[in-house]
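Asks:
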Amino acid sequence: MENTEKKQVVFSAIQPSGTITLGNYLGAVRNWVTMQEEYNCIYALADLHTITVRQNPAQMRRNILDAYASIMACGIDVEKSIFFIQSHVHTHAEIAWILNCYTQFGELGRMTQFKDKSAKHADNINAGLFTYPVLMAGDILLYQADKVPVGADQKQHIELTCDVARRFNGLYGDVFKIPEGFIPQNGARVMSLQNPLNKMSKSDENVNGCVHLLDPPEVIMRKFKRAVTDSDACVRYAEGKDGVNNLMTIYGAVTGKSFEQIEAEFAGKGYGDFKAAVGEAVVEELRPIRERYEQLIKDKAYLEECYRKADETALKISSRTLGKVMKKVGFIR
Ligand code: AQP
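Written as C-alpha cells, this is what we have:
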C-alpha cells in the first residue's frame with residue numbers, strides 16, 4: 405500500500421466517437437496497458453468530448469459500451485487501474501467551465517485540431533469544438549496527473565493544459581501538478597491507409613483508410629492490400645514515400661523492428677509481399693483483443709459493474725481538486 409501511494413499518476417482518455425482504431429491503439433492505448441505496472445493509472449472514455457461533433461444517440465450509446473469493452477480487451481485491468489466514463493463524473497464539466505475563464509480565446513484559436521475539425525464539420529463549428537482543449541485540460545488536471553500517454557496529435561493540447569495550469573498556479577499557488585505528455589517512439593502518428601497525409605481517424609468516411617481494432621482478419625488483410633503506396637517499388641523510408649513510410653511505421657510498431665531491419669527484410673521484394681506481411685502482423689496483434697472483446701461485450705452487467713465502481717473512485721479523487729480550485733477562485737463552499 406505504501407508503495408502504491410508513491411507511484412506517479414497517469415491520466416489519459418479516448419473518445420467513443422466510433423470503433424477504436426489501430427492509430428488509437430498504437431499511439432495511446434498500448435502505452436496505457438504497459439504503464440499500469442509502474443503507475444497509478446486513471447483512464448476515461450471521453451464521451452463529453454464526443455458531442456463536439458453531432459452524434460446519432462442510439463449509435464453513440466452502442467459506441468460507448470463497445471469502446472469500454474474494446475479498451476478493456478486491450479489489457480486494461482480494472483483491478484489495477486481506474487477506467488471510468490467521463491459524463492458520469494460531474495466534476496469534469498464543472499472544472500471545464502472554471503478553466504474556460506482562465507484560457508484565452510487566442511490560445512484556443514491556434515489549436516490545429518480545432519482548425520482541422522472546423523474544416524471537416526463546417527456546418528457545425530460549435531463552441532464546444534472550440535473549447536474542447538479546456539475540457540481536456542480539466543480532465544487531466546483534476547487527477548494531478550504526472551504523465552499523459554497520447555498520440556502526437558494531442559501534443560499541442562497537452563502544452564495548452566500546462567499553460568493553463570501554470571497560469572492558474574501563478575494566481576493562486578500550487579493547485580495543479582504540471583503534467584507531461586508521454587508520446588511513443590513508434591506509432592505516435594499512424595496515417596490513413598488511403599490518404600497517408602491525413603491521420604487515421606475513427607470517423608474517417610473512407611472505411612479502407614482505417615483499420616479498426618475489431619475488424620476481422622480478412623478485412624484487415626484487404627485494407628492493407630489496398631493501401632496506397634508509390635511507383636518506386638522499393639521498401640525504404642524516405643521523404644515523399646508517405647504511404648510506404650506509414651506502413652513501415654505500423655510494421656515497426658507492431659513487430660518492434662527498426663526501419664533498417666524492415667528495409668533489409670524486404671530488399672528485392674515487391675510491395676505485395678510487404679503489404680501482406682504488415683497485414684499479417686497486425687492481424688496477430690489484434691486477434692487476442694478481438695477475442696477478449698467478444699467475451700466482454702456479452703456481459704453488460706459486468707461492464708456496468710466495472711464502470712460504476714470506477715466512476716465512484718474518479719468522483720472522489722477529482723472532487724478534492726475541484727473543491728480546492730473553487731475555494732481558491734472565491735466561491736463560498
Ligand atoms: N492516427 C493516430 N495515430 C496515433 N495516435 C492516435 N490517436 C488518435 N489518432 C491517432 C491517439 O488516440 C488517443 C485517443 O484519441 P481521441 O479519441 O481522444 O481523439 P482523436 O485524436 O480525435 O482520435 P480519432 O481517432 O481521430 O477520433 P475522431 O475521428 O473522432 O476525431 C489520443 O491519445 C490520440 O492522440
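Take 405 as the starting number for the sequence shown in our numbering and just add one per residue.
Beta carbons are placed, not taken as given, at the ideal position from N, Cα and C, and that holds for glycine.
1) Count the other C-beta atoms from every protein chain shown that fall within 10 angstroms of the C-beta of Ser605, then say buried if there are 16 or more, exposed otherwise.
2) For His525, which of helix, strand or coil comes out of DSSP?
3) Taking the alpha carbon of His453 as the reference point, which residue from Ala523, Asn573 and Gly532 has its own alpha carbon closest?
4) Sorted by chain position, which residues of the same chain lie with C-beta nearer than 6 Å to Ile544's C-beta, five sequence neighbours on each side aside?
5) For Ile736, verify whether its CB is less than 7 Å away from any heavy atom of the ligand AQP.
6) Nearest by alpha-carbon distance to Glu442: which of Val413, Leu430 and Ile418 is it?
7) Hey, quick one: how far does the alpha helix (DSSP H) through Gly510 stretch, first residue to last?
8) Spatial neighbours of Val682 within its chain, please: CB distance less than 7 Å, with the 5 preceding and 5 following residues excluded, ordered by chain position.
9) Only counting the same chain, and skipping five residues up and downstream in sequence, which positions put a Cβ closer than 8 Å to that of Thr535?
10) Excluding the 5 residues flanking Tyr576 on each side, which residues of the same chain have their C-beta closer than 7 Å to its C-beta?
11) Excluding sequence positions up to five away, which residues of its chain have a Cβ less than 6 Å from the Cβ of Glu406?
12) Answer with buried or exposed for Thr718, where buried requires no fewer than 16 other C-beta atoms within 10 angstroms of its C-beta.
13) Which value, in whole angstroms, describes the spacing of the CA atoms of Ser474 and Asn573?
14) So, at 7 Å on beta carbons, what are the nonlocal neighbours of Leu707 in its own chain, with the 5 sequence-adjacent residues on each side left out?
15) For a test of the three-state rule: what should DSSP assign to Gly585, helix, strand or coil?
16) For the alpha helix (DSSP H) that contains Tyr506, what are its first and last residues?
17) Please state whether DSSP places Met405 in a helix, a strand or coil.
Replies: Let me spell this out:
1) Translated into positions along the sequence shown, residue 605 becomes position 201. Buried: at least 16 other Cβ atoms inside 10 Å.
2) On the sequence shown, position 121 is the one that residue 525 refers to. Reduced to three states, the DSSP call for His525 is coil.
3) As a first step, residue 453 must be located in the sequence shown, where it is residue number 49. Answer by Cα proximity: Gly532.
4) Counting from one through the sequence shown, the residue named residue 544 turns up at place 140. Excluding sequence neighbours, Ile544 sits near Phe415, Val552, Thr565 and Pro583.
5) Residue 736 sits at position 332 when you count from the first residue of the sequence shown. Placement of the Cβ of Ile736 at a distance of 7 Å or more from every heavy atom of the ligand AQP is found.
6) As a working note, residue 442 is residue 38 in the sequence shown. Residue Val413 is the option with its Cα nearest to Glu442.
7) Counting from 1 along the sequence shown, the entry for residue 510 is found at position 106. Note, Gly510: alpha helix (DSSP H), Phe509 to Gly513.
8) Position 278 of the sequence shown holds residue 682. Phe628, Leu651, Ile654 and Tyr655.
9) Here residue 535 is taken as the residue at index 131 of the sequence shown, counted from 1. Excluding positions up to five away in sequence, the list reads Ala500, Asn504, Thr507 and Leu512.
10) Numbered from its first residue, the sequence shown carries residue 576 at position 172. Lys732.
11) The residue you call residue 406 lines up with position 2 of the sequence shown. Confidence in Glu406 is poor, its pLDDT being 47 and thus under 50, which makes the residue's placement too unreliable to answer from.
12) Here residue 718 refers to the residue found at position 314 when the sequence shown is read from its first residue. Correcting the residue identity first, residue 718 is Ala in this sequence and not Thr. Under this definition Ala718 is a buried residue.
13) For the purposes of this step, residue 474 is identified with residue 70 of the sequence shown, where counting begins at 1. For the purposes of this step, residue 573 is identified with residue 169 of the sequence shown, where counting begins at 1. Roughly 37 Å between the two C-alpha positions.
14) Within the sequence shown, numbered from 1, the residue matching residue 707 stands at position 303. Taken in chain order, the residues that qualify are Leu469, Tyr472, Ala473 and Leu700.
15) What you label residue 585 is simply residue 181 of the sequence shown in a count that begins at 1. Note: Gly585 maps to strand in three-state DSSP.
16) Within the sequence shown, residue 506 is the residue found at index 102, counting from 1. Counting along the chain, Tyr506 falls outside any alpha helix (DSSP H), and DSSP gives it neither H nor E.
17) Locating residue 405 in the sequence shown gives position 1, where the first residue counts as 1. For Met405, the pLDDT reaches just 46, beneath the cut-off of 50, and the residue's location in the model is therefore unreliable, although a value from the coordinates is still provided. Three-state DSSP puts Met405 in coil, outside helix and strand.
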